[in-house]
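Sequential numbering of the sequence shown, starting at 22, is according to my numbering. Ideal Cβ placement from N, Cα and C applies to all residues, glycine included. These numbers come from a predicted model, not from an experiment. Everything on this sheet refers to the single structure shown next.
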Amino acid sequence: MSEKRSNFPLPLSSVTASGAPRTQGAHKTVVATPQTATRNAAVSAVFAPRPPQSPLPPPAAPSFNPRPATLAAPRPDMMVSDAIRRAMVQRVAKQGVADPVVLGALDTVPRHQFIDQALSAQAYIDASLPIGHQQTISQPYIVARMIEVMRNGAQLGKVLEIGTGCGYQAAVLARVAREVYSIERIKPLHELAKSNLRQLRIANLRLHYGDGMLGLPQAAPFDGIILAAAGLEVPHALLEQLAIGGRLVAPVGERNQSLQLIVRTGKAEWTRETLESCHFVPLRAGTI
Ligand code: SAH
22 MSEKRSNFPL
32 PLSSVTASGA
42 PRTQGAHKTV
52 VATPQTATRN
62 AAVSAVFAPR
72 PPQSPLPPPA
82 APSFNPRPAT
92 LAAPRPDMMV
102 SDAIRRAMVQ
112 RVAKQGVADP
122 VVLGALDTVP
132 RHQFIDQALS
142 AQAYIDASLP
152 IGHQQTISQP
162 YIVARMIEVM
172 RNGAQLGKVL
182 EIGTGCGYQA
192 AVLARVAREV
202 YSIERIKPLH
212 ELAKSNLRQL
222 RIANLRLHYG
232 DGMLGLPQAA
242 PFDGIILAAA
252 GLEVPHALLE
262 QLAIGGRLVA
272 PVGERNQSLQ
282 LIVRTGKAEW
292 TRETLESCHF
302 VPLRAGTI
């Protein structure tokens, strides 16, 4: 272990835990994917009468240009209305995500455009859904929660996401950060994300095909790093590419995973905090 790593990881007892651990209950599964065990109870809520709504803030980043409604012929799934997306956001807020900037961003990204049309009816339930190649689009709650933890109420500069998948979280990130980089190791998914995101014309987002475990040294340091896949530990290269004061949020573990927040507090110092339990697809080395 190099000298630089000698202060990491700190014993968990030496860092403060914020927020009670969240245990996800088993719910009736809609689509059998690793992440769908989480919060599928929300399915019925989509079509339930809406609770009184509190106003959401306006979109955060000026550089994001959602596709004007007039540009393309509406897909059949355009019947998914803004109101249903807003109901999803309200549910995410109810589950504890409080950051208005994150909720506002979630409210503006058309999740149905990131999934197969056959699954459109499920686009706004709070569950992960299959996107092919044994991967999933993350559930909206966890997307929002991770960004909230990374943001910590501050304006984000440069951010790196490991695991682009279909590109949904990258689009949400681009609403809250000045500059976003996202890496995917599966070529067809990288291509899928490119085509999904092209129509949204997001100027501050760069997609890379590669092994995210190596990070993106040419763009480092990052103010925030999010991993959308779970490893047994956070790759050292990513810790090194975090700016001092930067925050990294990652699922860690195999079958029992938990969300971890790592903050770089000095040149060779990081703190680690374990948050709630979660379930992500595995982080894998190399590209395919
Ligand atoms: N961010 C996505 C979630 C995608 S699922 C969303 O918006 O919903 C996680 C993704 O991480 C998968 O596509 C998987 O291929 C990718 N992945 C796993 N290990 C990786 C690595 N080492 N580098 C880059 N991507 C990786």
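Can you name the start and end residues of the beta strand (DSSP E) that residue i belongs to?
i      : result
Tyr230 : 226 to 230
Leu177 : 177 to 183
Leu150 : 150 to 153
Gly233 : Note, Gly233: premise wrong, no beta strand (DSSP E); not H, not E.
Asp244 : 243 to 248
Glu290 : 290 to 299
Would a C-beta distance cut-off of 9 Å place residue i and residue j closer than the cut-off?
i      : j      : result
Arg227 : Tyr189 : no
Asp244 : Ala198 : yes
Leu282 : Val270 : yes
Val122 : Tyr162 : no
Gly236 : Gln262 : yes
Ile223 : Ala195 : yes
Val180 : Glu212 : no
Among the options, whose alpha-carbon lies nearest the alpha-carbon of residue i?
i      : options                        : result
Glu297 : Gly117, Ala104, Arg107, Met109 : Gly117
Gln160 : Arg222, Gln143, His154         : Gln143
Ala126 : Ser141, Val110, Phe135, Ala240 : Val110
Ile168 : Gly267, Arg305, Leu304         : Gly267
Leu280 : Ser141, Ala241, Glu254, Asp103 : Glu254
Ala104 : Ala241, Gln220, Tyr145         : Tyr145
Rounded to whole angstroms, how far is the Cβ of residue i from the Cβ of residue j, which I believe are closer than 8 Å?
i      : j      : result
Gln156 : Val284 : Actually they are not in contact, since the Cβ atoms of Gln156 and Val284 sit about 28 Å apart, beyond 8 Å.
Ala264 : Gly184 : Not confirmed; about 21 Å, so no contact.
Ile247 : Glu182 : 5 Å
Ala214 : Val130 : At roughly 13 Å, the Cβ-Cβ gap does not stay under 8 Å, so Ala214 and Val130 are not in contact.
Gly178 : Leu210 : With a Cβ gap of about 26 Å, Gly178 and Leu210 do not count as contacting.
Ile207 : Ile136 : About 16 Å separates the two Cβ atoms, so there is no contact after all.
Asp128 : Arg107 : 6 Å
Gly252 : Leu304 : 4 Å
Ala165 : Leu124 : 7 Å
Terminal residues of the continuous alpha helix (DSSP H) containing residue i?
i      : result
Gln111 : 103 to 115
Pro209 : 208 to 219
Arg276 : Run containing Arg276: none; DSSP gives neither H nor E here.
Ile168 : 161 to 172
Ala126 : 121 to 129
Say whether the stretch 272 to 280 touches the stretch 216 to 234, bearing in mind that this needs 3 or more beta-carbon pairs closer than 8 Å, one atom from each stretch. Result no; under three Cβ-Cβ pairs closer than 8 Å.
I'd like to know if the stretch 250 to 258 and the stretch 170 to 177 are in contact, where contact means that at least 3 CB-CB pairs between them fall below 8 Å. Contact between the stretch 250 to 258 and the stretch 170 to 177 is absent, because fewer than three Cβ pairs lie under 8 Å.
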